[in-house]
Every structure is written in structure tokens, then in C-alpha cells.
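Trainee: Keeping their order, the protein sequence lines are chains A and B.
Position 152 of the first sequence, counting from 1, maps to 152 under our numbering, and the rest follow consecutively.
One rule links them: number in our numbering = place in the second sequence (from 1) + 319.
Glycine included, every Cβ here is placed at the ideal spot set by N, Cα and C.
Just so you know, these numbers come straight off a predicted model, no measurement behind them.
Input: one structure, supplied below.
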Amino acid sequence: MSSSSALTVERPTATAPPRRHGSTTKRKQNVAAYLFILPFMVVFIAMLIVPLAYAGYLSLFESKLIGGEVFTGLGNYVRALTDPNFLGSLGRAVLFFIIQVPIMLALSLFFALALDSRRARGSKAIRLLIFMPYAVPAVVATLMWGYLYGPDFGPIAQVSRAIGLGTPEFLTPETILYSMMNIVTWEFIGYNMIIMYAALRSIPSELYEAAEIDGAGQFRVAWSVKIPSIRPAILLTVIFSVIGTFQLFSEPSLLNAIAGNAITNDILPNYYAYNVAFINQEINYAAALAFLLGIVIAVVSYIVQLSAERRERRERNWT
Amino acid sequence: MTDLDTRAAVTIGDATGNRRRAGRPYVPEKRRSILLTVVLWLCVLYFVLPLWWLFVSSTKSNAALFSTFGLWFGGDFSLLENLQTLFTVRDGIYLRWVLNTIVYALVSATGATLLAAMAGYAFAKFDFPGRKALFSVTLGAIMIPLTALAIPTYLLFASAGLTDTPWAIIIPSFVSPFGVYLMRVYSADAIDDSLIEAARVDGAGEFRIFWQVGLRLLGPGLVTVFLFSLVGTWNNYFLPLIMLNSSELYPLTVGLAQIQAAASAGGGAQALFSTVITGSFVAVVPLIIAFLFLQRYWQSGLATGSVKG
């Protein structure tokens, strides 16, 4: 990531020690700084860099019945990129991302702006209640929605039948992806809302009070002042959503027990990689899939960030 | 935090008096909208009804679960029986899962918060060679999907003989690049350089300054990182699922998924569904309580972290 990244904080540090302290003090402080960072970096390297490199290494081999581990170069990648199961799972993840993430983030933004306007009664309670699902484990959320979706005794079906709409089908192969989108939306609207809301609260209020005095309406202020001011926070939620979508696992894995015929082992990429590794026991191929998935996520996140930066630059040129 | 507090104070002041004094500047907080209130409270139903269902269902017997309306109480009030079953099923293994989850989550969150605080503090308050590069690497790592790393991590842990031990859950949870980012922003804001300088003049060592001056000022930031790491570990399913084989080591998530699978396989003949639901309800309560109790701190902590950039 470049230092011009929207996430990067570049503020002048006032810590440069005055000259008279001399270079021994400076050196002592550098040593202290490295010691402060060391524990994190050790775990960081051990738990992120090493597994990443190891996945890359493993992905270059193939396990044969005769001869054991054989070097295949990019063979596993060629296989992955021509594997209809993997490509299909990736396609469904992209579909998931295109439909679910905009809906979720738009609603999060709406709630954040609505609560920030302070025009509703009980704003504080509303904020916490919307956020609450975030504290629910994905496992529990999926189990719960699995019961709620149930065609026979699920309350949604009960209500729907009572008002004469028939039994809705949430757990068929055609609808299961959308049912999962709803679960994920339910889980994460509040989390994203809180990030955006926290950013909104920190805008100096004079900024938009001035706009309101100038006669700009609420919507105008939201659109032209508030949303642009919290763009970094919105970008952060988009990037978290990219990561989250491409590694969904609990939802398909648990729905499999409830709606086995609707969940194929390749429904979403991370679930597929898990099945390849632990059911098919194809560790090398799974490593290649995991590595590719990581690359896809990094590339998509990077594109998102780049387009956000470009947009910002364009707008800056206009003004 | 101070920003939030003053704003809150201003709002209260506006609401209590001075209504429509001539020439008073426009105060948006005064205007309530009934429409917005109604719309928002209707939306809240979507978030709350599933949890309401979970609570109501945990009071029902297995039979009542399938014969009464899902969103209201029905049959006998069986919460206590359900809890009793939950904590006695398979020799009380559920309690074991609760304890495991608490230990994993607390140790992981404490470690992650401490590591993030130290690193974030150093990034904010020291100007050392390589600072920019290391911070960029850390930030870039926010994009690395931890789940995609789970398979290679599993293989590495397996060769080190660490799979099927608590360490396999705890050590990977120590890494929180987002925590480092938040702590850096928070340190830059909350710790005054002159304070550090004064402590140095007094002859305090860098570690003592961090421990006695820095950590004290980082309160809300620490709570935020701690709480979010806690939830991350508490709710994690993928990592413990692949790392652990012995069910005595399971956290709640993996345990619940296991009894759910047993319940589905048994076709509901066993009274397991009500156990799964009661178990789910019990698993959710502690985190909701933690968020409610600590909301002042984590919300102001996030507020500082989310604006910069």
C-alpha cells in the first residue's frame, strides 16, 4: 500500500528531540521504539508472513500417490483457473458482493446519518439495538436464521401463511444465496453504521452548521458536507466488506446441516477451499486456492481504494 | 472523547432552555421528526426480532418449539429445564465450552490489545528509521484475509505439534493490524508530547513512561481494541474448527455447531433443538452485556479512530 493510501495517517510528529539532547538520546529512543514494536512484529511475521509464504511454497507442489511431493510450478494455479467449481464459487462471491454490500452499506450510511441528525426519539437506544447483531456469533446468527427460515415451523412462514401469502422458500438452491445475503446484512449493518456514525460525530459541527445557516437543507448537507467528510471511514467499511465477503464460511457451513441439498461444497470460495483441504485432503491444491483467494481480495481492495483516491483527486481539481 | 462529551453537553443545554430566542443561531438538534422516529423504530424490528425469537424459543420445550407461534411464548415456561438440560448434556460439556471460550477470548484480547498498544504508541510517538515502511506493511496486512491463511497456518501448527491445543486459537488471535492502526491514531491524539518530554526530563525510562503515562491516557482506545478482539475470538468458528479435534477444547461456536449437526441428523427426535437454541442464547448474552456496559468507552474510542485518514 502506498503512503498516500486513504487509511494512512500522516501527521507531523512533534517528537523529534531538541538538538541539545544529542544523538545518544535519539539512539536510545530508537531502540525503545523498536522494542515496543518487536512483540507485534514477531507475531505478525509468524502468523501472517510465514503462513503466506508457506502457502505460496506449498501451492507449487503436487502430491502424487507414487513419488510423494512433486514440483509442478504453476500447475495448481492453472488447475484452479480452469476449475469450474472454483470459478463458480468465485462468481457467486462476486454476485454476493455486488448485491449485498451496496445494500448493507447504503442502509448503514442511512442509519448513521439519521442518527447523527438527532431528529429521532431514542437515538441512543436505536443505535445500540441496530448494533447488537454484531455481538452475535455468525454461527448463532446462522442457526437462528436457519430456524426462522424454516418452511414448516419458522415464524416467517407462519406469518406469511396467516396472511395468505403461502410458504416462502428460503432454503432452495435458487434462493439460498439471497438468504445468506440477508444473514450477513443483518449481522453487519450495525457494525458499519457505528464506524460511519463515529466518523460523523467527529466532523467539526461548525462545518455543516454554516451550510445549514446558508440555507442548505438536511439532505443537501448530508450529501455535500457529511458524506464527503467521512469518505475514509466509508472506504474502510468497503474494504472490510470485500475481505468479509470473500471469506464467508460459517454461513454456508452451518446452513449445510439445515439445507443440505441447497448448499453445494463449492457454493462460496472459502468453503470450497476448506472442503478441498479437509474433505478431499488435497492440501497443495487448497493452498493454491487460499493464495489465489488472498490475491483476489487484495486486488479488489486495491481497486476500490484506487478508484476512491482517483475520485477524490478529480473532485479536488474541480474546486 | 472530549469532543463527544462537549457536543452532548451542548445538546442538553439547548434542549433545556432558550427556545426561539430572537437572533439565536439555528440549532438542528431541536427539531424532532416523527416520521424519522417511526421509520427508524420499524427498522429496529428487523434487528431485534430474531433475537427476540431466540429468547422466546429458549423458554420453550422441544415440542412447543414446533407447535406454537415462533415470536411469542407458548406451552410451558421451560427456560430453567432447558438450562438444566444444556448444562448436563454429555456430562456438562457445555460449561466446559463456555469456560474455554472465556479463556481463549480473554487471553487473545489482552495479548492483542497490549501488542497493538505498544506498536501503535511507538508508531505515533517515536520518529525512528523504517517507521513509515513498517506502518505501511501493517496497514496493508488489514487486507490479508485471515481465513485464507488458516489452511497454511494449520499445516505449520500441525508440524510444530500445536494443533489441538489452546495455543492454536490464541496465538493467531494476537495479530490485530487494525488494532495497531487504531492505537496509533489514538496515541497521537490522546498523549501529549510535552507530557512524554516532561517524564523524560524527570529521568523516567521509555517503558515506564509508556506504562505509567501512556496506557493511562489510552483508556477508550484500549477498551475499543480489547472489545473488538474479544468479539473476534469469541465468535470465531473457522480457526477452532480446523485446529481442534478434541471436543473438550472446543469453544462455544464449534460446540454449538456440533450439537446442531447432531440435532439435524436425529431428525428432531431427541430434544436437542431446544438445547441448541438455549445454548445459542446463553452464548450471545455475555457479549451483549459487555457492549452495553462499555459503550461509552468503545464508542468514543472508535470516534477517534475513524475520522483520521
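Report yes if the C-beta distance between Pro39(A) and Met502(B) is below 8 Å; otherwise report no.
Mentor: Their beta carbons are not under 8 Å apart, which means Pro39(A) does not touch Met502(B) by this criterion.
Trainee: Report yes if the C-beta distance between Ile163(A) and Glu251(A) is below 8 Å; otherwise report no.
Mentor: No, they are not a contact pair.
Trainee: Looking only at its own chain, which residues have a Cβ that is under 8 Å from the Cβ of Asp483(B), when we skip the five neighbours before and after it?
Mentor: Taken in chain order, the residues that qualify are Met562, Leu563, Asn564, Ser565, Leu568.
Trainee: Within the same chain, show all residues whose beta-carbon is closer than 7 Å to that of Ala120(A), passing over the 5 residues directly before and after it, in chain order.
Mentor: Counting only Cβ-Cβ distances below 7 Å, and skipping sequence neighbours, we find Ala114, Ile126.
Trainee: Closest Cβ-Cβ distance between Arg343(B) and chain A: below 8 Å?
Mentor: Here Arg343(B) scores only 44 on pLDDT, less than 50, and its place in the model should not be relied on; the value that follows carries that caveat. Chain A, which has no Cβ nearer than 8 Å to the Cβ of Arg343(B), makes this no.
Trainee: What's the C-alpha gap between Gly215(A) and Val136(A)?
Mentor: In a straight line, the C-alpha of Gly215(A) is about 43 Å away from that of Val136(A).
Trainee: Between which two residues does the alpha helix (DSSP H) carrying Phe454(B) extend?
Mentor: Residues 450–460.
Trainee: Shortest alpha-carbon distance to Leu289(A) belongs to which of Glu282(A), Lys64(A), Ala273(A)?
Mentor: Of Glu282(A), Lys64(A), Ala273(A), the residue nearest in Cα terms is Ala273(A).
Trainee: May I ask you to report which of helix, strand or coil DSSP gives Val136(A)?
Mentor: Coil.
Trainee: Identify the contact partners of Glu525(B) in chain A, using a Cβ-Cβ distance below 9 Å as the criterion.
Mentor: Per Cβ cutoff of 9 Å: Lys28, Gln29, Val31, Ala32, Ala33, Leu35, Phe36.
Trainee: Looking only at its own chain, which residues have a Cβ that is under 6 Å from the Cβ of Arg340(B), when we skip the five neighbours before and after it?
Mentor: Reliability of the predicted coordinates at Arg340(B) is poor, the pLDDT of 38 falling under 50, and the value obtained from them is presented with this limitation in mind. If we look at Arg340(B) and ignore the five residues flanking it on each side, it has no Cβ neighbours.
Trainee: Once DSSP output is grouped into helix, strand and coil, what is the label at Phe388(B)?
Mentor: Correct three-state label for Phe388(B): coil.
Trainee: What did DSSP end up calling Phe476(B) once you bin it into helix, strand or coil?
Mentor: The answer is helix: DSSP assigns Phe476(B) an H, G or I state.
Trainee: For Ala379(B), name the three-state secondary structure that DSSP assigns.
Mentor: Sequence check: residue 379(B) is Lys here, not Ala. Looking at Lys379(B) - three-state DSSP - the assignment turns out to be coil, as it is neither helix nor strand.
Trainee: With a threshold of 16 other CB atoms inside 10 Å of the CB of Phe497(B), please say whether the residue is buried or exposed.
Mentor: When all chains shown are included, Phe497(B) counts as buried.
Trainee: Using the beta-carbon of each residue, which ones in chain B are nearer than 8 Å to Arg121(A)?
Mentor: Residues of chain B passing the Cβ test: Arg351, Thr356.
Trainee: How long is the line joining the alpha carbons of Gly414(B) and Phe406(B), rounded to whole angstroms?
Mentor: What sits at residue 414(B) in the sequence shown is Leu, not Gly. Rounded to whole angstroms, Leu414(B) to Phe406(B) spans 6 Å at the Cα level.
Trainee: Do the segment 128–142 of chain A and the segment 178–198 of chain A touch if we need at least three Cβ pairs shorter than 8 Å?
Mentor: They touch, by the three-pair rule.
Trainee: For Ala141(A) versus Trp186(A), is the C-beta distance shorter than 8 Å?
Mentor: In contact: Ala141(A) and Trp186(A) (Cβ atoms closer than 8 Å).
Trainee: What three-state label does DSSP hand Arg313(A) in the structure shown?
Mentor: Looking at Arg313(A) - three-state DSSP - the assignment turns out to be helix.
Trainee: Among residues of its own chain, excluding the 5 on either side of Tyr440(B), which ones have a beta-carbon nearer than 7 Å to its beta-carbon?
Mentor: Hits under 7 Å: Met502, Ser506, Phe529, Gly533.
Trainee: Examine chain B for any beta-carbon lying closer than 8 Å to the beta-carbon of Ala257(A), and answer yes or no.
Mentor: Ala257(A) counts as touching chain B.
Trainee: Less than 8 Å separating the beta-carbons of Asn284(A) and Asn76(A)?
Mentor: In this structure, Asn76(A) lies closer than 8 Å to Asn284(A) by Cβ.
Trainee: Going by C-alpha to C-alpha distance, which of Ser202(A), Leu74(A), Leu235(A) sits closest to Ser307(A)?
Mentor: Here the closest residue by C-alpha is Leu235(A).
Trainee: Could you tell me whether the Cβ of Pro133(A) comes closer than 8 Å to any Cβ of chain B?
Mentor: Cβ-Cβ to chain B under 8 Å: yes for Pro133(A).
Trainee: How far does the alpha helix (DSSP H) with Phe249(A) in it reach, from first residue to last?
Mentor: Per DSSP, Phe249(A) belongs to no alpha helix (DSSP H) and is neither H nor E.
Trainee: Assign Thr237(A) to buried or exposed, taking buried as 16 or more other Cβ atoms, counted over all protein chains shown, within 10 Å of its Cβ.
Mentor: Buried, because 16 or more other Cβ atoms sit within 10 Å of the Cβ of Thr237(A).
Trainee: Mind checking the segment 454–470 of chain B against chain A and listing, in chain order, the residues whose C-beta falls within less than 9 Å of any C-beta there?
Mentor: So the close ones are Phe454, Ser455, Val456, Thr457, Leu458, Gly459, Ala460, Ile461, Met462, Ile463, Pro464, Leu465, Thr466, Ala467, Leu468, Ala469, Ile470.
Trainee: Would you check if there are 3 or more beta carbon pairs closer than 8 Å linking the segment 413–427 of chain B to the segment 569–582 of chain B?
Mentor: Output reads yes: the segment 569–582 of chain B touches the segment 413–427 of chain B.
Trainee: Pick out whichever of Thr172(A), Ile295(A), Thr82(A), Gly217(A) has its Cα sitting closest to the Cα of Ala262(A).
Mentor: The option with the nearest alpha carbon to Ala262(A) is Thr172(A).
Trainee: For Arg231(A), which option in Ala53(A), Arg79(A), Arg310(A), Ser160(A) has the closest C-alpha, if you only look at C-alpha atoms?
Mentor: Among Ala53(A), Arg79(A), Arg310(A), Ser160(A), the Cα nearest to that of Arg231(A) is on Arg310(A).
Trainee: In chain order, which alpha helix (DSSP H) runs of at least 4 residues are fully inside the segment 102–184 of chain A?
Mentor: Those alpha helix (DSSP H) runs which fall completely within the segment 102–184 of chain A and span 4+ residues are 123–131, 138–149, 155–162.
Trainee: With C-beta atoms as the reference, is Ile98(A) less than 8 Å away from Met181(A)?
Mentor: Cβ distance not < 8 Å, so Ile98(A) and Met181(A) don't count as in contact.
Trainee: Strictly by DSSP, which residues pair up with Ser202(A)?
Mentor: Answer by DSSP bridge pairing: none, since Ser202(A) is not bridged.
Trainee: When the Cα of Phe592(B) is compared with those of Leu390(B), Leu373(B), Leu355(B), which residue comes out closest?
Mentor: Checking every option, the nearest Cα to that of Phe592(B) belongs to Leu373(B).
Trainee: I'd like to know whether the C-beta of Phe249(A) is nearer than 8 Å to at least one C-beta of chain B.
Mentor: Output row for Phe249(A): interface = yes.
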